[in-house]
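Each remark here refers to the structure printed beneath this line.
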Amino acid sequence: MRISFIIFFFFFLSCERNAITGRRQLNLFPEADLQKQALTEYQSFLNKNKVIPAGSSKQADMVKRVGLRISNAITNYYNQKGLSNELAGYNWEFNLVNSPEINAWCMPGGKVVVYTGILDVTKNENALAIVLGHEITHAVAHHGNERISQAFIAQGIQVAGDAFTKNNKETNAVFNAVFIPGTQLGVLLPNSRNHELEADRFGIIFAAMAGYDPRESVLFWSRMDSQTKNHIPEWLATHPSNTKRIQKLNEFMDEAMAFYKP
Ligand SMILES: [Zn+2]
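For the sequence shown, position 27 (counting from the first letter as 1) is numbered 50 according to my numbering, and the numbering increases by one without interruption.
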């Protein structure tokens with residue numbers, strides 16, 4: 024009784040309407056705290072993995088170029104809409120790591136990693152823009168905050184404002200399980216269908232704003248479908264089926280095409 028009251032109270036206090044999707048979300052943590060935690064985890068990830076420096080490889084340069092174009096497009100769009108405070112604390116970074124894993128992610132504050140393995144499926148710059156648009160949407164739409172909030176409640180972890188300011192193993196595990204797909208920490212947190220649809224819908228819009236053809240998304244997901252038939256990557260284990268996704272992308276296409284200037 025008391026616990027459910029506390030949860031209700033937090034829910035009431037913490038629900039906010041998302042600036043771009045308009046959907047109400049339960050976000051228990053200040054974005055600034057998540058960004059701070061992201062800095063620590065991002066740095067530690069980069070230290071433990073093989074980062075391919077820009078200037079030394081065409082692929083690493085491409086990751087930075089696509090990332091810059093999309094992040095600029097998003098920043099301009101938010102500024103035009105009077106939403107620039109939504110991106111406060113964003114300090115974009117795009118790194119390519121040498122790993123056969125099919126994976127890519129974006130942490131709060133714009134900390135992005137692309138694994139070389141996913142470049143075998145993207146095959147071209149346009150498809151990489153589709154992937155980055157998708158992952159960046161997860162971050163700017165605060166999907167991670169929402170998932171962490173749900174995980175804390177589900178696992179009975181005490182929800183306190185300073186959850187991420189102490190170096191706590193349990194909270195760090197949840198953070199990494201949410202933001203680094205494939206992290207084996209015994210916490211499985213599937214992406215919700217809502218999050219995936221939002222990331223696909225706004226991801227192709229942001230890619231289109233950056234001058235990339237949103238129609239490539241359908242081709243990319245078809246390639247993903249055929250190339251991963253025998254082994255589903257961790258990145259996809261928490262994602263919905265490709266057939267359903269392609270169907271939805273086609274429904275979203277007209278909206279995205281309106282923003283597309285090659
Ligand atoms: Zn996703």
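From the three backbone atoms N, C-alpha and C, an ideal C-beta is built for every residue, glycine too. Note that this is a predicted model, so its numbers are computed, not measured.
Please go through the segment 225 to 278 and give each complete alpha helix (DSSP H) segment of 4 or more residues, from N-terminal end onward.
-> As summarised for the segment 225 to 278, the continuous alpha helix (DSSP H) elements at least 4 residues long and confined to that stretch are 239 to 250, 257 to 260, given in chain order.
Backbone CA spacing between M24 and L49 [nearest angstrom] = Note that M24 scores a pLDDT of 44, beneath 50, so its modelled location is shaky; the value from the coordinates is reported in the next line. Distance between the alpha carbons of M24 and L49: 20 Å.
With E39 as the anchor, note down where its alpha helix (DSSP H) starts and where it stops.
-> DSSP places E39 outside any alpha helix (DSSP H); the residue lies instead in the beta strand (DSSP E), whose first and last residues are 38 to 40.
Indicate, with yes or no, if ligand 3 has a heavy atom lying under 8 Å from the CB of E158.
-> Absent from the structure shown: ligand 3. Ligands present: ligand 1.
Same chain only: Cβ atoms within 8 Å of P285, ignoring 5 sequence neighbours per side | For P285, the CB contacts under 8 Å within the same chain, skipping 5 residues up- and downstream, are G234, D236 in chain order.
Own chain, CB closer than 7 Å to N265, minus 5 neighbours either side, in chain order | Hits under 7 Å: W244, M247, D248.
Would you check if there are 3 or more beta carbon pairs closer than 8 Å linking the segment 131 to 145 to the segment 214 to 233?
-> At 8 Å Cβ cutoff, the stretches do not touch.
Examine ligand 1 and report whether any of its heavy atoms sits within less than 8 Å of the Cβ of A222.
-> With a threshold of 8 Å, the Cβ atom of A222 counts as near ligand 1, since some heavy atom of the ligand is closer than that.
If you compare alpha carbons, which of K192, G133, N149, E221 is closest to L242?
-> Residue N149 holds the alpha-carbon nearest to the alpha-carbon of L242 among K192, G133, N149, E221.
Skipping 5 residues on each side, what residues in its chain have a beta carbon closer than 7 Å to that of S72?
-> This sequence places Asn at residue 72; Ser is not what is there. Same-chain partners within the cutoff: V120, S122.
Which class does K192 belong to by DSSP, given the choice of helix, strand or coil?
-> Reduced to three states, the DSSP call for K192 is helix.
May I ask you to report which of helix, strand or coil DSSP gives E219?
-> Of the three classes helix, strand and coil, the one that applies to E219 here is helix, per DSSP.
Exposure of K267, with buried meaning 16 or more beta-carbon neighbours within 10 Å = Under a 10 Å Cβ-count criterion, K267 is classified as exposed, with fewer than 16 other Cβ atoms of the shown protein chains found around its own Cβ.
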